[in-house]
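Single-structure report; data block below.
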Amino acid sequence: MPQNYDLEQLHRKLGRLEAELAEARRQLDRLATTGTATPPNPATPVEPEGIAIEPAAPAPATTPATLAEPPMLPPMLTPAAAPAFVSMPVNPPPPAAPGGLRVWLEGFGLWPPSGDANTEARLGAWWATRLGALLAVIGVVFFGVYVSRNTPPVVKLAELIVVALAVFGAGLRLDRRWPRFGPVVSGAGLALCYFAAFAAYAVPAVRVIDDPLTAAIAQMVVVGLVLGFAGWRRSETTAGMAVGLGFVTAFFSGYCGLEDFSLWSAVVLAAGSAGLRSLTGWRSPMLIALPLAYAVYVVQGFTVWVAMNPGPAPSVIWVPLLVLMLVFLLPDALAAARGAELRPDDRILQNLNTSAAIAAALLVAPRVLQIHELAVLWFWGGGVMLALTVFWWLLKQAGSLVPVVACKASGLIALGVITEFNGHLRWLALLMQAFVLLTAARVTEVRGLRTMTRVVWALSLLLLFRSLAGGGALSVAPTLVYLTFAAALLGYDQRWLGAPRTFSLLAGTFLGVAAVYAVRANLPAGWLPAIYMGVALLFGAAGGVSRGWHGPAVAGGFAVLAAHVSMFVFPVRQYPAEWLWGNEAALLAGVLVIGSVLTLRAAIIDGTGLGRLLRFALTFLAVLVLQRVLFAGLAKGEALAATVGVALALLAVSPRLPIWPLVPGAAIALVLGWVQHRPLKVRVDDTWLLLAATVAWCLPVIWHLSSRRQELLPTTRQRRFLGWLLTGLATWFSLQALRANFAGPALPVAVAVEALAVFVLGWRLGLRPAFTAASVLLLAGAGWTALALVGSAGWLMPAGWLGTGAVVVLAAVAIALPVLGRDRPETDAPAWRARARWLHASGALLLLFCFFADQTGVLAPYVTVLWGGVAIGLFVTGLFARERAYRLVGLAGLALCVPRVFLVDLDSTLYRIVAFVVLGLVLLWVGFSYHRFRHLIAEPDEPAANPPKPD
């Protein structure tokens, strides 16, 4: 079929070329008749206009001679190129040859060749034909078995042979008319002939041969005929289909009870496909035979050898497997021995061959052989793979062939070690083998040995995981020795062999997880944090000695993470307090050591892009766990004070260690302290909170005044955010301290004093967030007062002079702060004042109105008068301070007094008089003020309508 197809393609190409040549001739003739003398000769110089050319014109031989000269041919052919190109769509060129995976599949006969523009039709015709033939053959076989139940075996066999020959003949006839369809049918007929030969012995219904040897000879004859037909027709597809159908009969024979014949017929088919590979270069029969032959072997093991008691001899297991592998190996081995370099698809095929052999052994051998026999099998298998590695290496085959086979050799030897030895000897022995391979790889520079080293190392670690998962206790000393030297091997692998970074990071991750698992399973839980930190330092020492830090550093990082996690969840109540502080001391010591190394090696580590991440992670973990320990081992107030002290210390030393994120660490410490401390504890006299609040305010002040510390953050937005964060946390700590240490009328006064002090910080030092902090403090004081009113607190109802004075002081400070902030326009006060004027005025008015409205004592009848006094006081403040917001809020308060007079005070004979009079006078004075003090009310850019007269 490939020959007919190639001829057809050549005929098509020849037709296109002839059509293009005819079109080019027509274009040439047209140009020769219409514009013979038009194109000038580029070699002839242009003569001046005054020179006469009449003598040369009448010469009779001039024109023919010019047309016949060779120099004129290029000018005539050059303009003909463009029209010839225009006509190309009439006969389009053949499509571009596909590349990549499609070419590879076409080479194996697994993809239809190009030719039909309709992809759907091409794929459908290709696969439908082949799958249909396969299914039809199988159906005919079963149908023949069904309808011939009562027919003599000879007749049944004759019918089967007739059907097979009929199918074969039909295929030959169809090949003349449909070259792509006929070979498929003829190949199916040959496969039926092979099945007929096999059924003559294997199928009882058509059994006419009782001698297995005679049956085997008959089947081999048919296989030879099929292969001979494929060679005669040069049809790779027919050969591949015949091999596939032959394996169908092999599986069928195994199902019928002829397991040995099934296995060895698979070997024969594999040998036939390998022979075709050597003689004709066809790869598809071998590609079909390779997985099916090993599948027959696996089925044999699962159905026959597993059920045998006693089990089969070891040679029964490994001889067929070795024969199959060598059969598939032989074609490429002979080609390589002759000096040819294997193609990439051939190398892939050989890698699949060895992989399939090992996979079949892994599936069958552990279920059949004893432990000692299995270990011998793995060792011998490793030896075979090692010999194969040397063979390919001596033949200087490029690509992945040598390293892949070397990896398989190391894996099989490692399996032998695993099977033969027990306990920690297994993973220690494998680790020792990995060191031997590492040294050999360094000396010989064989790439495959590098991969073998990493595979054996991974297997040793896998065995350690398996031992840990088994639940048995491990010896501490061998485990620590293994972990240390495993980390050292990763370092030497990076330094000597240039291990890929991805492998080092993944290997370090798994090693760190194994170390954490081993320590947790075999060492006392009370000292796990300190032990984890010790293991991390061991990993670091291994990386330092080997001078390859990728793998050991990652493993140590996991150990450091485990140390901090175990410290964070440390069960304080189960162990003495000394254990808590001892573990934390070990963690801090380890952090200092690791931090020193990271600082000294900053230039090297930062070059990898991991330095900043490592330093931030270490700082965050240390601060997080330290806060947890402080609040677990100290009282709440003491722990909060210690937390603020830690934050202050980090902020203080941050300029000396600019590469470390100590400034964010200080902020994180404060945030964690706020989270750990239960906010707003009620009526607890705790002077530690006062100390914590006082020290907490030092942090935003130092941050604001120190440009060196601000330069540690890269952007202005980050600096501003940190300033606001520190101020907000200091404000919260102040609220905690106030609520815990003050009660009764002293609480509003203390809040007012604190707000005034914070306002002074912003006013004098330019600390922008301090203005908002002052407003927050006042809001909290007002909220506590309102809660006292709702809860009928004794210190406010009846208030008395102390309670009244405390609330008035709080409101007065709230009113005064926006006015005082007007004198420092260079700070952030103007932006704050735009919002604070309305909020403070409204809040003060609402607080005082609610406070006086809730009185039940002496002040109860005079609520309207007190409301009016508050409103007029606020109005007067706005008048003389020239604050429009205060004036409007005061007028709103007066407006609220009017309905109260009619709804409440009207029923009281005495107090309504006072209320009406006082409220009337107040309103009159307000009206007068708008005339008399118009210059105070006018805006700065608005002239006063009635300026005051000079005295």
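Every number in my numbering is 240 more than the matching position in the sequence shown, counting from 1.
Every residue gets a Cβ at the ideal spot worked out from N, C-alpha and C, and that includes glycine.
Rounded to whole angstroms, the gap between the alpha carbons of L614 and I401 is 46 angstroms. With respect to the C-alpha of G1083, the residue from A1074, F1115, V1129, G1108 having the closest C-alpha is V1129. Between L827 and H804, the C-beta gap is smaller than 8 angstroms, which places the two residues in contact.
The Cβ-Cβ distance between G738 and G791 does not fall below 8 angstroms. DSSP places K396 in the uninterrupted alpha helix (DSSP H) bounded by 393–417.
For the segment 466–527, the continuous alpha helix (DSSP H) assignments of 4+ residues that do not extend past its boundaries occur at 476–495, 499–520, in sequence order. In the three-state DSSP reduction, V448 falls in the coil class, being neither helix nor strand. Inclusion of T859 and P898 in the CB contact set at 8 angstroms is not warranted, their separation being larger than that value. Across the set A681, L671, V462, L247, the C-alpha of L671 shows the shortest separation from the C-alpha of Y722. In its chain, beyond the 5 residues on either side, A879, A882, T883 have a beta carbon closer than 7 angstroms to the beta carbon of L870.
DSSP places H612 in the uninterrupted alpha helix (DSSP H) bounded by 611–634. For N549, the secondary structure class from DSSP, reduced to helix, strand or coil, is coil. Out of P985, V915, K876, the CA that lies nearest to the CA of L931 is found in K876.
A direct Cα-Cα distance of roughly 13 angstroms separates V833 from F779. Rounded to whole angstroms, the separation of the alpha carbons of L1005 and L1017 is 19 angstroms.
In this structure, the alpha-carbon of S493 lies about 7 angstroms from that of F501. For F661, the three-state secondary structure derived from DSSP is coil.
With distances taken between CA atoms, V461 lies nearest to A431 out of V446, D450, F999, A431. Judged by DSSP in its simplified three-state form, W789 adopts coil rather than helix or strand. For the set F982, A727, L969, L257, the Cα lying nearest the Cα of T927 is the one of F982.
Counting along the chain, R852 sits inside the alpha helix (DSSP H) bounded by residues 851–873. The residue from V463, G766, L1027 with its alpha-carbon nearest to that of L516 is V463. Residue state for Q1095 is assigned as coil, using DSSP reduced to three classes. Contact annotation: T967 and A1010 have beta-carbon atoms nearer than 8 angstroms. In the displayed model, A599 falls within a helix according to three-state DSSP. Between L965 and the set L939, V556, M565, A601, the nearest pair of CA atoms involves L939. DSSP places W1072 within a helical segment (H, G or I) once states are collapsed to three. A distance below 8 angstroms between beta-carbons, with the five flanking residues on each side excluded, links R741 to the following residues of its chain, in chain order: H790. The Cβ atoms of P718 and G688 do not sit closer than 8 angstroms to each other. In the structure shown, D733 falls within a helical segment according to DSSP collapsed to helix, strand and coil. When the Cα atoms are used, P764 and N823 turn out to be separated by approximately 13 angstroms. Just measuring C-alpha positions, the residue of V1110, G1002, R1073 sitting nearest V1047 is V1110.
DSSP, reduced to helix, strand and coil, places G1002 within a helical segment of the structure shown. According to the DSSP assignment, W928 belongs to the alpha helix (DSSP H) that extends over 927–945.
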